[in-house]
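In the working numbering, the protein residues as written are 17 to 930.
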RNA sequence: GGGCCUGUAGCUCAGGUGGUUAGAGCGCACGGCUGAUAACCGUGAGGCGGAUGGUUCGAGUCCAUCCAGGCCCA
């Protein structure tokens with residue numbers, strides 16, 4: 017007889033091979049069919065809400081690894097919080113305005129030779145953004161991310177734009193907004209400002225001049241170096257580095273002040289060999305020293321700044337806040353005037369009568385000439401360096417101060433209030449608080465205006481008569497209402513009279529022009545909390561983005577919330593590091609190290625990528641390593657096979673046994689399961705998903721596969737189908753399965769769902785009948801399962817088991833045994849308590865060691881090192897053909913001569929027809 | 001140059017308040033099983049703890065400096 021027919025081998029349709037790319041698509045269809053997100057919201061409609069506000073990704077391309085990572089983290093949180101019983105509405109957003117899209121669109125149109133009007137350009141940008149919102153929506157869905165995909169917030173939607181305008185209205189009402197000059201990159205041929213990303217750097221030759229700025233004592237000069245002589249008319253200060261030393265170098269009858277570290281290089285260039293050093297002082301001692309302006313009759317001061325470098329020049333930097341960003345920054349600290357006597361085509365205005373009308377680059381030689389006349393020019397040569405050019409017309413750019421709109425950070429103690437409010441926010445990880453704090457403390461006023469076209473217009477007007485700006489809430493409200501109906505294009509299409517009825521307060525003129533500038537995109541996205549506010553869900557419980565957002569979205573959202581709501585828009589902020597390549601280098605097209613998340617998903621599946629990400633401690637930057645992805649595949653297989661084994665052995669499970677009827681080993685596993693549940697929940701709660709991953713994975717591998725399940729096979733397969741031993745095991749397998757599938761669901765939602773579907777099909781006694789595992793609550797760590805005494809007993813048993821395994825391995829190497837069931841194990845210890853303990857557990861030990869016999873007796877070789885010695889010998893008796901265990905009672909039954917008495921009894925008492 | 005962060009086996013992670021030979025899993029090598037089978041089980045080899053100084057009887061764990069890498073700013 018073939019006794020294989022008489023044992024209960026695992027049986028399940030759950031496939032070993034996942035074939036995730038295909039399976040995940042099927043599950044996505046299932047989810048769409050049952051509208052899983054809606055079902056979840058419906059089932060939680062009376063639950064406590066957890067508001068997780070989504071930071072909008074930029075809609076200008078396919079998602080990259082970083083976006084995928086961010087989305088997956090957020091989704092794990094959404095799914096966890098949902099399963100923890102909260103109502104978690106998740107409204108995804110997209111950031112649609114801004115330079116990158118505008119630039120891309122202009123590039124495309126230029127290639128087609130088209131030159132579009134403002135309206136047409138904006139329409140093209142809108143279509144461009146819409147296209148990628150659609151693409152990204154699909155890609156995010158494919159990752160298994162749940163959310164209101166039908167109802168996202170989009171920063172170019174009219175309603176959203178109106179909200180942004182309204183934020184601005186409140187700022188104006190409260191006096192935060194002012195207008196001032198600030199230097200920007202300016203193209204004199206296109207007559208337009210350019211953004212950082214529009215610059216192209218090229219090598220060009222510039223004049224390199226060394227100039228004496230005479231101090232009160234005409235014999236003593238501060239010695240400066242510049243490559244832009246035309247900026248000298250706008251000079252207002254000289255900056256020294258407070259930490260550098262400065263030498264007073266006497267050359268003939270004159271003295272030059274030069275940084276010690278640069279002195280040799282400078283003097284060599286000038287061919288000066290005879291000199292003496294009169295004295296040497298620290299830069300900070302020279303603060304406030306006055307000097308005579310190089311061209312005009314006025315006095316200026318020496319200031320200090322750490323940006324002054326000792327790498328080039330003289331260590332004395334000519335400062336023109338109207339023509340350089342660093343100059344501007346340091347100028348703000350010293351309250352220096354921003355002088356920029358250059359018009360939009362790059363010609364000097366009548367502020368500098370001497371050079372009026374001259375194009376700045378042409379003016380260089382005239383200025384050099386003027387310096388020569390004054391006798392302050394020391395050296396002039398051609399100098400080749402990298403210089404920014406316009407990406408459109410390829411001409412060199414200048415820095416030019418232009419009027420901009422600002423938000424005053426210190427108005428109404430805003431900065432101070434922010435610093436205080438930071439304390440009331442939970443920053444995860446902790447250092448993230450330090451970072452935002454420094455960013456807020458150090459930041460200059462927020463420049464709100466951009467000289468671009470694709471964005472939300474700044475709703476202010478200018479009087480045609482006197483040029484005075486009209487910053488009026490009535491105008492803004494009017495703009496808001498029109499924009500709410502027609503989108504921000506309304507600002508450009510409506511005539512001015514639709515926005516204002518009054519006449520100019522300054523001059524009485526009745527004609528106005530509209531502002532052309534648009535808002536900084538951080539103003540757009542920083543206003544996004546209005547989306548949750550309008551649904552009565554303010555403030556958010558959580559914001560979660562990459563570290564770079566301490567200067568980006570976190571900060572700008574926070575600022576606007578503090579100005580408009582007087583409190584933070586988030587209760588806690590979770591920061592993650594960035595995804596780098598295997599070598600910890602940034603992924604970039606130029607390095608050719610970019611890996612697309614979608615390529616991984618197509619080949620291996622979203623669950624693999626999700627599992628991989630979950631294993632990383634993302635509080636710092638993390639590498640994306642394709643080899644690491646392979647270990648995620650391995651881990652996935654282990655988890656999957658664990659599920660397959662659990663499902664396979666529950667196909668006929670009907671009756672749960674009560675806890676007190678369970679066998680000892682089974683109760684032990686419930687004890688450990690309770691601990692696992694606690695640990696995993698704690699991991700999720702702290703957003704430490706790598707702890708979740710490691711706990712679950714180790715549980716599957718160590719507690720289940722290598723220990724419990726291996727031991728259980730005998731009981732599951734060979735015991736009577738309805739025997740208490742088998743039902744006890746199944747009861748625990750069932751608990752384990754239900755717990756595991758839920759614990760794992762936030763991380764690998766597709767596989768969990770697949771398992772869930774098989775539970776529904778195969779094991780009736782489960783109490784669930786919900787359509788998706790994601791509707792379930794996380795398992796409960798039943799305190800009844802905790803049994804410390806049992807856990808302690810098994811610590812010892814497992815330690816003995818380790819010794820037994822070593823002895824078995826050694827016997828195997830001696831070819832004494834192959835399968836461990838061929839072994840008889842003899843244990844001995846001199847410790848009587850331990851011996852008594854083992855004696856008491858003896859009936860269970862063969863099973864736990866997966867050997868045929870265990871006895872306690874003196875062993876031939878005593879090690880005296882181990883607490884318990886294990887000795888392996890060939891098992892006694894014969895091998896039972898059914899359960900493969902060796903025993904002396906094989907052959908006692910005439911009916912079943914090749915079976916042991918246990919199997920004989922099983923065959924006689926149980927019915928094996930399937 | 002400034003602010004913040006990171007650096008334990010090839011990889012992902014453990015290592016309360018400093019204390020005996022630094023732990024897991026994966027990977028690797030070797031072996032077993034053939035009733036989880038493109039699965040499962042066992043054994044083994046891998047770490048000068050980024051570097052150097054210091055505090056201490058004693059440091060991966062505390063301090064300083066440096067090196068490497070990242071983000072943001074300049």
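Glycine included, C-beta positions come from ideal geometry on N, C-alpha and C.
Please list, in chain order, all residues of the same chain as residue i whose beta carbon is under 7 angstroms from its beta carbon, the five residues on each side excluded.
| i | result |
| --- | --- |
| residue 567 | 455 |
| residue 733 | 23, 24, 25 |
| residue 770 | 39, 43 |
| residue 755 | 689, 693, 795 |
Between residue i and residue j, is the Cβ-Cβ spacing less than 8 angstroms?
| i | j | result |
| --- | --- | --- |
| residue 365 | residue 358 | yes |
| residue 400 | residue 221 | yes |
| residue 40 | residue 621 | yes |
| residue 495 | residue 181 | yes |
| residue 356 | residue 417 | yes |
| residue 157 | residue 256 | no |
| residue 681 | residue 860 | yes |
| residue 107 | residue 168 | yes |
| residue 931 | residue 105 | Only positions 17 to 930 of the chain appear in the structure, and residue 931 is not among them; the question remains open. |
| residue 596 | residue 605 | no |
| residue 671 | residue 743 | yes |
| residue 383 | residue 248 | yes |
| residue 712 | residue 759 | yes |
| residue 630 | residue 93 | no |
| residue 331 | residue 260 | yes |
| residue 537 | residue 114 | yes |
| residue 380 | residue 223 | yes |
| residue 935 | residue 865 | The structure shown has nothing for residue 935, since the chain only spans 17 to 930. |
Could you give the residue range of the alpha helix (DSSP H) that holds residue i?
| i | result |
| --- | --- |
| residue 482 | Taken as a continuous stretch (DSSP letters only), residue 482 belongs to no alpha helix (DSSP H), as it is neither H nor E. |
| residue 854 | 848-857 |
| residue 8 | In this structure the chain extends from 17 to 930, so residue 8 is not present and cannot be described. |
| residue 312 | No alpha helix (DSSP H) contains residue 312, which DSSP labels as neither H nor E. |
| residue 201 | Looking at the DSSP string, residue 201 is not in any alpha helix (DSSP H); the run it does join, the beta strand (DSSP E), is 193-203. |
| residue 396 | Per DSSP, residue 396 belongs to no alpha helix (DSSP H); it is in the beta strand (DSSP E), 393-406. |
| residue 141 | 134-158 |
| residue 670 | Premise fails: residue 670 is in no alpha helix (DSSP H) and is neither H nor E. |
Which stretch, first to last residue, makes up the beta strand (DSSP E) that contains residue i?
| i | result |
| --- | --- |
| residue 419 | 414-423 |
| residue 225 | 215-230 |
| residue 39 | It is not in any beta strand (DSSP E) - residue 39 instead sits in the alpha helix (DSSP H) that spans 36-50. |
| residue 612 | No beta strand (DSSP E) contains residue 612, which DSSP labels as neither H nor E. |
Residues in its own chain within less than 6 angstroms of residue i by CB, not counting five upstream and five downstream?
| i | result |
| --- | --- |
| residue 779 | Confidence at residue 779 is low in this model, with a pLDDT of 49, below 50, so the placement of that residue is unreliable and no value is reported for it. |
| residue 902 | 868, 891, 893, 895 |
| residue 889 | 840 |
| residue 914 | 897 |
Using a Cβ-Cβ cutoff of less than 8 angstroms, which residues in the same chain neighbour residue i once the five nearest sequence positions on both sides are dropped?
| i | result |
| --- | --- |
| residue 872 | 842, 843, 844, 851, 854, 855, 858 |
| residue 782 | Legend: pLDDT at residue 782 = 47, less than 50; position of this residue unreliable, no value from coordinates given. |
| residue 525 | 479, 480, 481, 482, 519 |
| residue 217 | 402, 403, 404, 405 |
| residue 580 | 183, 186, 187 |
### Message
Does the contact criterion of 3 or more C-beta pairs under 8 angstroms hold for the region 66-75 versus the region 503-517?
### Response
Counting Cβ pairs under 8 angstroms, fewer than three are found: no touch.
### Task
Flag this pair as touching only if the region 306-324 and the region 216-233 have three or more C-beta atom pairs under 8 angstroms; answer yes or no.
They touch, by the three-pair rule.
### Task
Could you tell me whether the region 413-430 touches the region 456-470, using the rule of 3 or more Cβ pairs below 8 angstroms?
Touching, yes.
### Task
Run through the region 491-552 for me and flag every whole alpha helix (DSSP H) of 4 or more residues, listed as ranges in chain order.
Along the region 491-552, the alpha helix (DSSP H) occurs as fully enclosed runs of 4 or more residues at 505-509, 537-542, 545-549, listed in sequence order.
### Query
Using 8 angstroms as the Cβ pair cut-off and three pairs as the minimum, do the region 283-292 and the region 330-344 touch?
Fewer than three Cβ pairs drawn from the region 283-292 and the region 330-344 lie within less than 8 angstroms of each other, which leaves the two stretches out of contact.
### Contact between the region 199-212 and the region 570-581 (3+ Cβ pairs under 8 angstroms)
Not touching, per the Cβ criterion.
### Task
Could you pull out every unbroken alpha helix (DSSP H) segment of at least 4 residues lying fully inside the region 562-607, listed in chain order?
Qualifying alpha helix (DSSP H) stretches, in chain order: 569-580.
### Query
In the region 793-872, which residue ranges form an unbroken alpha helix (DSSP H) of at least 4 residues, counting only runs that do not cross its ends?
804-829, 848-857, 861-865, all fully within the region 793-872.
### the region 49-68 / the region 543-558 touching (three or more Cβ pairs under 8 angstroms)
Touching, yes.
### Message
Is it the case that the region 403-414 contacts the region 522-541, given that we only count it when at least three CB pairs across the two stretches are under 8 angstroms?
### Response
The way I'd put it, the region 522-541 doesn't touch the region 403-414; fewer than three beta-carbon pairs between them come closer than 8 angstroms.
### Message
Check whether the region 718-731 and the region 642-651 are in contact - that is, three or more C-beta pairs closer than 8 angstroms.
### Response
Output reads no: the region 642-651 does not touch the region 718-731.
### the region 127-140 contacting the region 580-593, beta-carbon criterion three pairs below 8 angstroms
Contact fails: fewer than three Cβ-Cβ distances are below 8 angstroms.
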